[in-house]
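Chains A and B, in that order, are what the protein sequence lines are.
If you count the first sequence from 1, position 138 lands on 138 in this note's numbering, and the numbers rise without skipping.
If you count the second sequence from 1, position 100 lands on 1100 in this note's numbering, and the numbers rise without skipping.
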Amino acid sequence: MAENPQRPQRARPLSPHLTIYRWPVTMATSITHRMTGIALSAGTIVLAWWLIAAASGPESYAVFATAAQSIIGKVVLFALTWSLCYHLLSGIRHLAWDLGYGFTVRKAEAMSWLVILGSVALAAALFALALAGKGGFNA
Amino acid sequence: MSMETPLHRVEGLGSAHDGVKHFWRERVTAAALVPLSAWFIWAVLGLVGANEAQVLTFLARSTFNVPLNAILMGAFIVILCYHMALGLQVVVDDYVHSEGAKIFLLLLIRAFGFAVAAVCIYALLNIARAV
Chain A
1 MAENPQRPQR
11 ARPLSPHLTI
21 YRWPVTMATS
31 ITHRMTGIAL
41 SAGTIVLAWW
51 LIAAASGPES
61 YAVFATAAQS
71 IIGKVVLFAL
81 TWSLCYHLLS
91 GIRHLAWDLG
101 YGFTVRKAEA
111 MSWLVILGSV
121 ALAAALFALA
131 LAGKGGFNA
Chain B
1001 MSMETPLHRV
1011 EGLGSAHDGV
1021 KHFWRERVTA
1031 AALVPLSAWF
1041 IWAVLGLVGA
1051 NEAQVLTFLA
1061 RSTFNVPLNA
1071 ILMGAFIVIL
1081 CYHMALGLQV
1091 VVDDYVHSEG
1101 AKIFLLLLIR
1111 AFGFAVAAVC
1121 IYALLNIARA
1131 V
C-alpha cells in the first residue's frame, strides 16, 4: 500500500454527491418538489379530517375549525398551502420538461426561480385573502 | 429454468419490471390534478371561516342537476391518492435497497392511499346524502 486511501496526499476527484456539488437552483427545486410531495401526502390526513368532521356534525366540525384557527393550525395550513402551490407549479414545469420544453440551462434556471418565487407569492396571497376575510365566498 | 433469454424477459420493461406504466400514470394523474388542484384551492379559500352547515351546503349544492362540487372533490381525492401512492413509491424505489423493506413500505404506501381515499369518499357520500 503506497498510501492510505482515506487520506490522499492531495485532493483527488470524488464521485458526485449532494454534499460535494455546488447547489444549482435546479437541484434545490428538484429536491423541494419531492419534499413538498411527501409533506402533501401527510396533508391528506388533514383533508380527510376536514371531510369527516363536516360529515359528523356541527360539534365535530367545531373541533376541526378551532384546531385550524389555532396558531399551530395556521402554521400547518400555511405549510400545506405553500407545499401545494409549489408542487403544482413545479409539477407543471415537470410536465413541460416531459413534453420536451425548457431544457436549456438558462430556461431551467429561470423556471426554477419562477417556481420558487411564484409559489411563495401565491401562498402568501391566498393566506392574505383568507386572513383579510376575503375567503368564505363559497359559504 | 426458463428457456427465455434474459433480454427477452426485460425487453420493453426495464429494471422496474413494469416498463413505462408507472411513469405514464404519474404524468396522467399529474395533468389531471392541475385543474383539479386549482378548483380545490378556490373551493377551500371560499370555505375559510365557514361552519359545518355551510360546508355541507357547498359540497352538496346541485349544479347542472348534480352535486358537482362533491363530484369534483371525489375526483380530486381519488386521483390525488393514486398520484400520492405513485410518487411515494419513487422515493422508496430510490432510497430503500433491501427487497423486504421495500415490499413492506410499498404495501404500507398503498394501504395509506386506499385508506385516505376510502375515508374521504365515505364522508363525501354521507355529506351528499344528508343535504
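Glycine included, C-beta positions come from ideal geometry on N, C-alpha and C.
Residue i: buried (16+ other C-beta within 10 angstroms of its C-beta) or exposed?
| i | result |
| --- | --- |
| B:Thr1063 | exposed |
| A:Trp23 | exposed |
| B:Thr1029 | buried |
| B:Arg1129 | exposed |
| B:Ile1109 | buried |
| A:Arg93 | buried |
| A:Ala110 | exposed |
| B:Trp1042 | exposed |
| B:Asn1065 | exposed |
| A:Gly57 | exposed |
| A:Ser112 | buried |
| A:Met1 | Because A:Met1 carries a pLDDT of 47, less than 50, the predicted location of this residue cannot be relied on, and no value is offered for it. |
| A:Val115 | buried |
| B:Val1116 | buried |
| A:Leu131 | exposed |
| B:Phe1135 | Outside the displayed span of chain B (1001 to 1131) sits residue 1135 of chain B, for which this structure offers no information. |
| B:Met1073 | buried |
| A:Gly91 | buried |
| A:Leu51 | buried |
| B:Leu1013 | exposed |
| A:Ala11 | exposed |
| B:Tyr1082 | buried |
| B:Ala1111 | exposed |
| A:Ala121 | exposed |
| A:Leu117 | exposed |
| A:Ala125 | exposed |
With hydrogens ignored, establish whether the beta-carbon of residue i is closer than 7 Å to any heavy atom of the ligand GTP.
| i | result |
| --- | --- |
| A:Ala28 | The ligand GTP is absent from the structure shown, which contains no ligand whatsoever. |
Are residue i and residue j touching if we call contact CB-CB under 8 Å?
| i | j | result |
| --- | --- | --- |
| B:Leu1068 | B:Ile1127 | no |
| A:Leu77 | A:Ala68 | yes |
| A:Leu84 | A:Leu40 | yes |
| B:Ala1070 | B:Leu1007 | no |
| B:Ala1085 | B:Gly1049 | no |
| A:Ala152 | B:Val1119 | Nothing about residue 152 of chain A can be read from this structure; chain A reaches only from 1 to 139. |
| B:Gln1054 | A:Ala53 | no |
| A:Ser30 | A:Trp82 | no |
| B:Leu1047 | B:Ala1075 | no |
| B:Ile1079 | B:Ala1032 | yes |
| A:Ala128 | A:Thr26 | no |
| B:Arg1061 | A:Asp98 | no |
| B:Leu1107 | B:Val1092 | no |
| B:Gly1019 | A:Gly37 | no |
| A:Gly43 | A:Leu80 | yes |
| A:Tyr86 | A:Thr19 | no |
| A:Tyr61 | B:Glu1052 | yes |
Give the range of the alpha helix (DSSP H) segment to which residue i is assigned.
| i | result |
| --- | --- |
| A:Glu109 | 105-131 |
| A:Asp98 | 71-98 |
| A:Trp49 | 25-55 |
| B:Ile1041 | 1021-1045 |
Give me the DSSP bridge partner(s) of residue i.
| i | result |
| --- | --- |
| B:Val1066 | B:Thr1063 |
**Study point:** Ordered list of beta strand (DSSP E) runs contained in the segment 1062-1125 of chain B, each at least 3 residues
**Key:** None, since the segment 1062-1125 of chain B contains no complete beta strand (DSSP E) of that length.
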